[in-house]
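As structure tokens, the structure follows; a few thoughts come after it.
Residue numbers (the working numbering), protein chains in the order written: chain A, 1026 to 1463; chain B, 1026 to 1463.
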């Protein structure tokens, strides 16, 4: 604990200095330090990176009292500033959250290191040998909202993938994040890694975000985590590529040939397992041949769980009390116990609806028909496409990535849950023996 | 020939219509048509795509007289407008260029189809099976300068990778490109593919470029091919992701432990094989322990071939007549018979120079030392990194990609020569049997 207090003191001084500094100059400094640390980290041994991750886990485990105390300051300020219950909940570092942070670090340490992996090395007719080597992206800027546990999760993924990172958490989690930063710094130092491999912006000034997303010389990619408005703003203003997911308007399509029990279980789970998450179903599409059988069963479940239903005319005729959906409903990510339902003619109609209104996040078909399952997998162009499984599975842990830094709905680079591989890219390597081109 | 003339007539009418239309509305129409054609193309069989590629090759082979005549119009106009000899050369559809276009189409037809490939499908503890499927990006906008053969090369790569494309060639190649467009349209139609799978902008109005790079609803990625100023402008103004290479300031580093014969052959080839290409060496770095042996040999070769040398002070002391390089030289992509030379202490100094002045295109080390070769491969973060081979090998054909749509120096998505794989990305697929998340 003594050493942590020492680091905290330094951070506090640093933070005070920032207050007097120009934000632009401060962010430039962070960028330069990150670029230099990133170059070091890119060539660091796997063992040393794992050592740092485990050291950070240990420091956090030894510092729970201190972290909780710092978190209390944020919670108190949050209450005084009128934060709502959900935000206060996200802000809280409970014993369970702290343990999850520690477990997460150990899990990332246990994952295979993607950096430096060489694939496809094969000889060409000219005699050169060509392959690809996986490399860190360099420096990653992460901008997130209230959850302070993101600080540790994001730092762990960046560290393991050989990327330096600059983290900008929500101002309401300022004390928590600074205390976590001190733990990370201590772990990095213990393992002999550069102190600037993970930097947490030590000012609550919002101008820091604007500077971070335009630091094109020093930052290679921006990962925003948070609400749609944050991500839209960042995407518009950033001069650096952004790995983003804007929204998750996820669909389940229950086909004529669906198994009724599976259809009910999946449509229930996809909507009601958790409401406020991006992989929750927002629109249910049902083939007209099966609607009369499956919709009344589902309507009972949704009614019991308090889910408001908004349907097309045909749906409303099958479900008493269902509200008529408007055009806006098909484009809505409710993140709430509300569901829109549309009866469609069949798979073509369903795919048309998804193409038109979906956000290319996650779509599932429920069917026992081989050919339709195969068509849905090929023709639906979302970051995750599923057959007979709940959209709630679209998640880094569930996919075996170990952890994720976000879910990308963009088409280039990484789509779906972004784990270690999404934080790297491939360069070509060529091995010759004095070869020249003729 | 009769049918080609028919298509040409239609195109000419179309082009005339464009003149009267609003450019914005015209580009919107192309975008909508491309999106719809792209959805069709994404699910088209490999066999049918190959059939279209071979049909286009056949139509071009049958239309050389017509294509040459149309090309003559452009060449005549170019001469009248004072185009320089190099531009006129690039603009010319010679029998050799035409044959290369035909061969290119047949080669792309022979390449494996990347679309729909499923990889890594494995079971997770929850019971779901997770893998990834390779998908087309959707719609690709390509903006290029005078070479009309790019029209065919780009169309072939997009077609095979399941992407619709909108091509905007240089206004100086307008007639050539429209004649090629007619051949492509005929081939598409013969194979039963959507006519809008490949669209060539039928107006020379420059406003079309500004519209194309902001058609975010319909275009997924922009590939600019051309000079640095074109690419910089497009990158700045585009609201769509751009796959670009800005410049190729490529380095060869001759290490102390280099084999002299290999070093001389590689440094000669990398500079003098072709001057105006992005993978030509622009700066030669030489370890001080070997400079006195290798530089005089190279200086003789360069002198014979008329290459102007600009060196650091130490280099100038070894090479009589060498001009002193300025800071600007280290940042210059000459694309000309000019070479900057710097003597460095060793590999660390060389990598520092590359990090500072390079453009992350292609870098090569010449060494017989195992450890230094391994370090250079890992620590130099360029799109291609080579050991004992000429930078001139950084090329889609040489790497076995079949063809390339450009060379990317960006870090996200595709780095280096971009072939069929770079025009696709991976989505996740999940196979379940009624699985829900607990």
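Where is the CB? At the ideal position from N, CA and C, for every residue including glycine.
With 8 Å as the threshold, decide whether the Cβ of residue i is near any Cβ in chain B.
i: residue 1306/A; result: no
i: residue 1294/A; result: yes
i: residue 1413/A; result: yes
i: residue 1441/A; result: yes
i: residue 1404/A; result: yes
i: residue 1042/A; result: Any answer about residue 1042/A is weak, because its pLDDT of 49 lies below 50 and its placement is not dependable; what the coordinates show is given next. No, no contact with chain B.
i: residue 1375/A; result: no
i: residue 1408/A; result: yes
i: residue 1423/A; result: yes
i: residue 1230/A; result: no
i: residue 1453/A; result: yes
i: residue 1245/A; result: yes
i: residue 1418/A; result: yes
i: residue 1047/A; result: no
i: residue 1461/A; result: yes
i: residue 1185/A; result: no
i: residue 1034/A; result: Bear in mind that a pLDDT of 34 at residue 1034/A, under 50, signals an unreliable position, so the model cannot answer this.
i: residue 1284/A; result: yes
i: residue 1067/A; result: yes
i: residue 1287/A; result: yes
i: residue 1445/A; result: no
i: residue 1225/A; result: no
Can you tell me whether residue i is buried or exposed, with buried defined as 16 or more other CB within 10 angstroms of its CB?
i: residue 1119/B; result: exposed
i: residue 1106/B; result: exposed
i: residue 1361/B; result: exposed
i: residue 1237/B; result: buried
i: residue 1228/B; result: buried
i: residue 1449/B; result: buried
i: residue 1197/B; result: buried
i: residue 1321/A; result: exposed
i: residue 1329/B; result: exposed
i: residue 1463/B; result: exposed
i: residue 1171/A; result: buried
i: residue 1067/A; result: buried
i: residue 1340/A; result: buried
Can you tell me the Cβ-Cβ gap for residue i and residue j, rounded? I've got them flagged as a contact below 8 Å.
i: residue 1319/A; j: residue 1279/A; result: 6 Å
i: residue 1333/B; j: residue 1363/B; result: 5 Å
i: residue 1214/B; j: residue 1192/B; result: About 17 Å separates the two Cβ atoms, so there is no contact after all.
i: residue 1444/B; j: residue 1079/B; result: Going by Cβ atoms, the distance from residue 1444/B to residue 1079/B rounds to 19 Å, so no, they are not a contact pair.
i: residue 1310/B; j: residue 1391/B; result: About 10 Å; that fails the 8 Å criterion.
i: residue 1277/A; j: residue 1295/A; result: 5 Å
i: residue 1376/B; j: residue 1410/B; result: With a Cβ gap of about 11 Å, residue 1376/B and residue 1410/B do not count as contacting.
i: residue 1447/B; j: residue 1452/A; result: Incorrect: roughly 13 Å between the Cβ atoms, too far for contact.
i: residue 1408/B; j: residue 1432/B; result: 7 Å
Please tell me whether residue i has its Cβ less than 8 Å away from any Cβ of chain A.
i: residue 1343/B; result: no
i: residue 1458/B; result: yes
i: residue 1263/B; result: no
i: residue 986/B; result: The displayed coordinates of chain B run from 1026 to 1463. Any statement about residue 986/B would go beyond what the structure contains.
i: residue 1266/B; result: yes
i: residue 1030/B; result: Here residue 1030/B scores only 35 on pLDDT, less than 50, and its place in the model should not be relied on; the value that follows carries that caveat. Not closer than 8 Å to any Cβ of chain A, the Cβ of residue 1030/B fails to qualify, so no.
i: residue 1037/B; result: Only weak support exists for where residue 1037/B lies, its pLDDT of 38 falling under 50; the coordinates are left without a value.
i: residue 1027/B; result: Low confidence applies here, because residue 1027/B scores a pLDDT of 32, under 50, leaving its location unreliable; read the following figure in that light. By this cut-off, residue 1027/B is not an interface position.
i: residue 1080/B; result: no
i: residue 1162/B; result: yes
i: residue 1437/B; result: yes
i: residue 1291/B; result: yes
Counting pairs of beta carbons, one from the stretch 1047-1066 of chain A and one from the stretch 1201-1211 of chain A, are three or more of them closer than 8 Å? Because the criterion of three Cβ pairs below 8 Å is not met, the stretch 1047-1066 of chain A and the stretch 1201-1211 of chain A do not touch.
Just checking, does the stretch 1215-1222 of chain B make contact with the stretch 1234-1245 of chain B on the three C-beta pairs under 8 Å criterion? no
What alpha helix (DSSP H) runs, 4 residues minimum, are completely inside the stretch 1351-1425 of chain B? Every alpha helix (DSSP H) of 4 residues or more that sits fully in the stretch 1351-1425 of chain B is shown, in chain order, as 1352-1355, 1372-1382, 1395-1404, 1421-1424.
Are there three or more Cβ pairs, one per stretch, closer than 8 Å when the stretch 1116-1130 of chain A is compared with the stretch 1062-1072 of chain A? no
Taking only runs of the alpha helix (DSSP H) that begin and end inside the stretch 1239-1263 of chain A, which ones reach a length of at least 4 residues, in chain order? 1253-1262
Spell out a yes or no on whether the stretch 1384-1402 of chain A and the stretch 1260-1273 of chain A are touching, meaning 3 or more CB-CB pairs, one atom from each, closer than 8 Å. As far as the Cβ criterion goes, the stretch 1384-1402 of chain A touches the stretch 1260-1273 of chain A, which means the pair count is three or higher.
Of all the alpha helix (DSSP H) runs that stay within the bounds of the stretch 1099-1168 of chain B, which reach a length of 4 or more residues? Runs of the alpha helix (DSSP H) lying entirely within the stretch 1099-1168 of chain B and spanning at least 4 residues, in chain order: 1110-1116, 1120-1135.
Can you find at least 3 beta carbon pairs, one from the stretch 1143-1161 of chain B and one from the stretch 1413-1427 of chain A, that sit closer than 8 Å? yes
With a floor of 3 residues, list each beta strand (DSSP E) that falls wholly inside the stretch 1169-1220 of chain B, ordered by position along the chain. 1189-1193
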